[in-house]
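Input: a single structure, listed below in structure tokens.
Numbering (the working numbering), first residue to last: 369 to 791.
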């Protein structure tokens, strides 16, 4: 756009085109300023500054957004099948975990610490890798460097916590293996290696499933198969990420803090709850559906920018997309939850707890994909603090998770209507 310093009346074609495709007055103001319009020039049009002039143009020039063409890349694209595989990958390690946990006693603290540290560190590392990819850099090399640092730091810390809390040797080994697998799996998924990771899980999961069903083979064989899966994951993560890496800037490191905190808070909510394994499995499996719901929502919001003529219509449509995403995800989680209830008969209230928590996590992921972190972290932190302070009963936990779901959905109702978030 190259507007003259003093815009003629009526509005010229270039300015009309800018206004027709703008998502809000701020975009018009930015275009006018880029074209050289100053506050003094805007005053000669009868407006105090460029922003007031942009507001008037936004109100007076009809919006006629251009539909995206096939030549324009879609920033939010994905495959339902790929995300379904990811959901399976989130849930399959539970088979190995349930089997190994039968031989672990008095090791709850070290297992929880391992989970929290691995989730928090893994979320932060994934953020750094995807930011590098977005800048055309070697994101996998960043992920590999984070994996090495994570193993070097987390393994001795987890082992030390296990010793200090008098955990069993088996418990410490399981905690270290859990952290190593989560970090390595994150690198493989960044490399789009869902099928590779699925193959990695085969030894541990097949042997664990047979052992759970029949009691055969011996427990040491199950542990060996699980260890093989972890070792394969670490080695393959190193192999798939062999590219030179640039230094990570301080700004990017600071940007990784919110995702890391979110991972820790989610892990904390799962750890302090009263949920049994049967209630946790459907929540883990549903994370693939959650990823797909986020991609579908962001894609829908991006397309709506070119299909709605006013900000009000856009707000209505994008809010419908939000509740559609939440409804579809909860439907998937409900089916998985019903299957878990039919197979293991956990307390129904615990399954309702997971439905509420799953819905809150989905809305949080949508907000984070829009760059909104502060309110998400605040609401999850308050909920975790409330659960830590309250008695550990399913009723109180359900109330806390429902309150979290309501609060974060109300915030999303207002936030996602901002057109600038969907560019």
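Just so you know, even glycine gets a beta-carbon here, dropped at the ideal spot from N, CA and C.
Residue i, DSSP secondary structure in three states
{"i": "residue 536", "result": "coil"}
{"i": "residue 576", "result": "helix"}
{"i": "residue 741", "result": "coil"}
{"i": "residue 375", "result": "At residue 375, the pLDDT of 43 sits below 50, so the modelled position is not reliable and the matter cannot be decided from this model."}
{"i": "residue 657", "result": "helix"}
{"i": "residue 503", "result": "coil"}
{"i": "residue 591", "result": "helix"}
{"i": "residue 481", "result": "helix"}
{"i": "residue 369", "result": "Confidence at residue 369 is low in this model, with a pLDDT of 41, below 50, so its placement is unreliable and no value can be given for it."}
{"i": "residue 487", "result": "helix"}
{"i": "residue 365", "result": "Residue 365 cannot be examined here, being either before or after the span of the chain that is shown, 369 to 791."}
{"i": "residue 448", "result": "helix"}
{"i": "residue 430", "result": "coil"}
{"i": "residue 674", "result": "coil"}
{"i": "residue 460", "result": "coil"}
{"i": "residue 472", "result": "coil"}
{"i": "residue 609", "result": "coil"}
{"i": "residue 584", "result": "coil"}
{"i": "residue 624", "result": "coil"}
{"i": "residue 423", "result": "helix"}
{"i": "residue 779", "result": "helix"}
{"i": "residue 751", "result": "helix"}
{"i": "residue 720", "result": "helix"}
{"i": "residue 417", "result": "coil"}
Within 8 Å, strictly: CB atoms of residue i and residue j
{"i": "residue 724", "j": "residue 769", "result": "yes"}
{"i": "residue 651", "j": "residue 565", "result": "no"}
{"i": "residue 453", "j": "residue 562", "result": "yes"}
{"i": "residue 630", "j": "residue 787", "result": "no"}
{"i": "residue 654", "j": "residue 455", "result": "yes"}
{"i": "residue 575", "j": "residue 687", "result": "no"}
{"i": "residue 730", "j": "residue 658", "result": "yes"}
{"i": "residue 678", "j": "residue 427", "result": "no"}
{"i": "residue 661", "j": "residue 693", "result": "yes"}
{"i": "residue 460", "j": "residue 569", "result": "yes"}
{"i": "residue 709", "j": "residue 719", "result": "yes"}
{"i": "residue 464", "j": "residue 594", "result": "yes"}
{"i": "residue 409", "j": "residue 417", "result": "no"}
{"i": "residue 520", "j": "residue 602", "result": "no"}
{"i": "residue 721", "j": "residue 759", "result": "no"}
{"i": "residue 487", "j": "residue 586", "result": "no"}
{"i": "residue 451", "j": "residue 656", "result": "yes"}
Alpha carbon of residue i to alpha carbon of residue j, nearest angstrom
{"i": "residue 752", "j": "residue 628", "result": "16 Å"}
{"i": "residue 542", "j": "residue 556", "result": "21 Å"}
{"i": "residue 591", "j": "residue 607", "result": "24 Å"}
{"i": "residue 372", "j": "residue 415", "result": "Because the pLDDT at residue 372 is just 38, under 50, the model does not fix this residue reliably, and the value given afterwards should be weighed accordingly. Cα-Cα distance, rounded: 17 Å."}
{"i": "residue 536", "j": "residue 551", "result": "23 Å"}
{"i": "residue 369", "j": "residue 399", "result": "Any reading at residue 369 must be qualified, since the residue scores a pLDDT of 41, below 50, and its modelled position is unreliable; no value is offered."}
{"i": "residue 782", "j": "residue 676", "result": "18 Å"}
{"i": "residue 376", "j": "residue 419", "result": "Confidence is the limiting factor: at residue 376 the pLDDT is only 41, short of 50, which leaves the residue's position unreliable, though a coordinate-based value still follows. Between residue 376 and residue 419, the C-alpha separation is close to 17 Å."}
{"i": "residue 538", "j": "residue 639", "result": "20 Å"}
{"i": "residue 791", "j": "residue 736", "result": "15 Å"}
{"i": "residue 477", "j": "residue 527", "result": "12 Å"}
{"i": "residue 690", "j": "residue 777", "result": "9 Å"}
{"i": "residue 504", "j": "residue 531", "result": "43 Å"}
{"i": "residue 406", "j": "residue 392", "result": "19 Å"}
{"i": "residue 684", "j": "residue 767", "result": "29 Å"}
{"i": "residue 588", "j": "residue 743", "result": "46 Å"}
{"i": "residue 381", "j": "residue 739", "result": "34 Å"}
{"i": "residue 635", "j": "residue 773", "result": "17 Å"}
{"i": "residue 637", "j": "residue 755", "result": "8 Å"}
{"i": "residue 424", "j": "residue 789", "result": "22 Å"}
{"i": "residue 467", "j": "residue 580", "result": "7 Å"}
{"i": "residue 609", "j": "residue 567", "result": "18 Å"}
{"i": "residue 385", "j": "residue 697", "result": "39 Å"}
{"i": "residue 558", "j": "residue 413", "result": "52 Å"}
{"i": "residue 764", "j": "residue 715", "result": "14 Å"}
{"i": "residue 388", "j": "residue 573", "result": "56 Å"}
{"i": "residue 374", "j": "residue 449", "result": "Any reading at residue 374 must be qualified, since the residue scores a pLDDT of 39, below 50, and its modelled position is unreliable; the value itself is stated next. When rounded, the distance between both Cα atoms is 54 Å."}
{"i": "residue 571", "j": "residue 533", "result": "31 Å"}
CB-CB length for residue i against residue j, believed under 8 Å
{"i": "residue 511", "j": "residue 493", "result": "6 Å"}
{"i": "residue 525", "j": "residue 485", "result": "7 Å"}
{"i": "residue 734", "j": "residue 665", "result": "6 Å"}
{"i": "residue 545", "j": "residue 598", "result": "5 Å"}
{"i": "residue 611", "j": "residue 506", "result": "4 Å"}
{"i": "residue 529", "j": "residue 481", "result": "5 Å"}
Touch test, the segment 462-476 against the segment 661-671, Cβ-Cβ under 8 Å, three pairs minimum:
Verdict: no, contact absent.
For the 8 Å Cβ check, are there 3 or more pairs between the segment 743-750 and the segment 700-716?
Two segments are said to touch when three or more pairs of C-beta atoms, one from each, lie closer than 8 Å; by this definition the segment 743-750 does not touch the segment 700-716.
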